[in-house]
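Comments concern the structure below.
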Amino acid sequence: MLAAYHALYGAARALFESERNFWVVAISLAHGVTLLSTSACFLALDRFPSMDKYRLQDKRAPEALFRQAFRGLFFNSAVTYPVFALLLYPIAKGFVAVSGAAPSASETAAHLLGCILVEDCLFYWIHRTLHHKSIYKYVHKTHHEFKQNVAPAAEHFHPAEDVMNVIPFLAGPLLFNVHFATLLLWVVVRVHEIVDAHSGYGLPWSPWSYTRPSERHEFHHSHNQGCYGSFFPFWDWAFSTDAQFRAFMAKGAWRTRGAAAPAKARPTPNKDGSLPTPRRNPPRAAKKAQ
1 MLAAYHALYG AARALFESER NFWVVAISLA HGVTLLSTSA CFLALDRFPS MDKYRLQDKR
61 APEALFRQAF RGLFFNSAVT YPVFALLLYP IAKGFVAVSG AAPSASETAA HLLGCILVED
121 CLFYWIHRTL HHKSIYKYVH KTHHEFKQNV APAAEHFHPA EDVMNVIPFL AGPLLFNVHF
181 ATLLLWVVVR VHEIVDAHSG YGLPWSPWSY TRPSERHEFH HSHNQGCYGS FFPFWDWAFS
241 TDAQFRAFMA KGAWRTRGAA APAKARPTPN KDGSLPTPRR NPPRAAKKAQ
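Heads up: the sequence shown begins at 1 in UniProt numbering, then just goes up one per residue.
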């Protein structure tokens with residue numbers, strides 16, 4: 001599969017005389033296609049009542065806020081990321097090889113894992129810093145307009161936070177001098193994970209289900225505390241910033257990973273098979289005059 005991907009990468013590279021143009025188009029497509037397709041899949045689940053058992057909260061985000069974030073998906077795909085890629089090229093071209101031999105499977109896997117670990121660490125500290133009371137209301141509060149997560153919320157950020165998020169995303173590729181073909185895979189991995197974490201669903205077949213990012217991030221948005229990590233819960237565990245989340249989950253407050261909601265007791269039918277008419281509470285007697 002990796003060989004086929006590298007063949008496709010080589011064919012696409014050959015279509016562009018300019019390395020810079022290839023860089024901008026490839027990053028924009030990797031981001032936009034992953035963001036829009038993954039978001040569409042999660043939004044489609046809302047149309048199937050059988051998928052309600054995987055929803056973490058019954059309450060939905062306000063419609064106006066949802067539409068604003070939904071429009072943001074297309075703006076980011078058509079404008080923000082192409083501009084980001086264009087500005088990034090002069091900085092990254094000395095660290096990331098666009099041409100040349102494609103990396104082996106083991107090198108690709110090692111670089112992707114390294115990018116995940118570096119991003120997870122830096123994201124935790126940047127995210128935790130953004131929650132400091134001295135700066136929260138100026139930047140990160142925009143993202144927390146969503147109390148109930150939905151896929152388009154994944155990139156609903158203040159512009160300053162968009163810039164800050166570049167640091168953990170780009171640090172790994174620059175540190176490990178990854179091939180551009182690997183960088184594109186890293187874009188797909190990171191975008192898919194962040195959309196999954198904001199989906200509002202706890203799907204048992206999600207590739208990220210082993211670390212439960214959607215549950216942790218749903219708690220983070222609904223309670224606005226703790227769970228600052230992205231891929232792994234390690235840093236939250238190490239600094240006890242997920243203590244409230246673990247206590248919350250221990251109560252079984254959410255039906256996660258498809259656990260059924262508690263069944264309501266069915267009333268005993270009458271002798272003729274009909275269901276009894278619900279009894280109403282009698283009106284309270286008026287207080288006796290003193």
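Ideal Cβ positions, reconstructed from N, Cα and C, are used throughout, including at glycine.
The structure presented is a predicted model; accordingly, all values stated were derived computationally and were not measured.
Residue range of the alpha helix (DSSP H) that includes residue i
| i | result |
| --- | --- |
| histidine 132 | Where histidine 132 is concerned, there is no enclosing alpha helix (DSSP H), given that its DSSP letter is neither H nor E. |
| asparagine 21 | 19-45 |
| cysteine 6 | At residue 6 the sequence reads histidine, which differs from the cysteine that was named. Run containing histidine 6: 2-14, per the alpha helix (DSSP H) assignment. |
| tryptophan 235 | 234-238 |
| alanine 75 | Note on identity: in this sequence residue 75 is phenylalanine, with alanine being the wrong assignment. Per DSSP, phenylalanine 75 belongs to the alpha helix (DSSP H) from 63-75. |
Test item: CB-CB of residue i and residue j under 9 Å
| i | j | result |
| --- | --- | --- |
| phenylalanine 245 | histidine 221 | no |
| valine 191 | glutamate 161 | no |
| arginine 55 | tyrosine 201 | yes |
| leucine 122 | leucine 73 | no |
| histidine 132 | glutamate 145 | no |
| glycine 172 | glycine 100 | no |
| phenylalanine 180 | valine 96 | yes |
| alanine 105 | leucine 2 | yes |
| cysteine 227 | phenylalanine 219 | yes |
| proline 168 | aspartate 120 | yes |
| alanine 61 | lysine 141 | no |
| alanine 102 | histidine 6 | yes |
Cβ-based neighbour list, residue i, same chain, cut-off 7 Å, excluding 5 preceding and 5 following
| i | result |
| --- | --- |
| phenylalanine 66 | Val150 and Pro152 |
| leucine 175 | Val118 |
| alanine 85 | Trp23, Val24, Ile27 and Ser28 |
| leucine 43 | Ala151 |
| tryptophan 208 | Glu193 and Asp196 |
Where residue i sits in the DSSP three-state scheme
| i | result |
| --- | --- |
| tyrosine 201 | strand |
| arginine 55 | strand |
| histidine 179 | strand |
| alanine 102 | coil |
| alanine 110 | helix |
| alanine 97 | strand |
| valine 150 | coil |
| tyrosine 89 | helix |
| valine 118 | helix |
| aspartate 242 | coil |
| alanine 211 | Correcting the residue type first, residue 211 is threonine in the shown sequence and not alanine. The answer is coil: DSSP assigns threonine 211 none of H, G, I, E or B. |
| lysine 141 | helix |
| tyrosine 81 | helix |
| arginine 216 | helix |
| asparagine 165 | helix |
| phenylalanine 231 | coil |
| serine 206 | coil |
| histidine 158 | coil |
| arginine 190 | helix |
| glycine 172 | helix |
| phenylalanine 123 | helix |
| phenylalanine 48 | coil |
8 Å CB neighbourhood of residue i in its chain, flanking five on each side removed
| i | result |
| --- | --- |
| leucine 112 | Thr182, Leu185, Trp186 and Val189 |
| leucine 170 | Leu88 and Ala92 |
| serine 206 | Asp196 and Ser214 |
| histidine 143 | Ala153, His156, Phe157, His158 and Glu161 |
| asparagine 177 | Phe95, Val96 and Ala97 |
Status (buried if at least 16 other CB within 10 Å, exposed otherwise) for residue i
| i | result |
| --- | --- |
| cysteine 41 | exposed |
| methionine 164 | buried |
| arginine 216 | buried |
| asparagine 76 | buried |
| alanine 4 | exposed |
| proline 262 | Here the model assigns proline 262 a pLDDT of 43, short of 50, so the residue's position is not dependable and the matter cannot be decided. |
| serine 240 | exposed |
| glycine 252 | exposed |
| glutamate 193 | buried |
Own chain, CB closer than 6 Å to residue i, minus 5 neighbours either side, in chain order
| i | result |
| --- | --- |
| isoleucine 116 | Phe231 |
| tyrosine 89 | Arg20 and Trp23 |
| alanine 30 | Leu184, Val187 and Val188 |
| isoleucine 11 | In the sequence on display, residue 11 carries alanine and not isoleucine. Excluding sequence neighbours, alanine 11 sits near nothing in its chain. |
Heavy atom of the ligand FAD within 8 Å of residue i beta-carbon
| i | result |
| --- | --- |
| proline 103 | In the structure on display, the ligand FAD does not appear, and there are no ligands present to speak of. |
9 Å Cβ cutoff, residue i in contact with chain B
| i | result |
| --- | --- |
| tyrosine 138 | Any reference to chain B falls outside this structure, which holds one protein chain only. |
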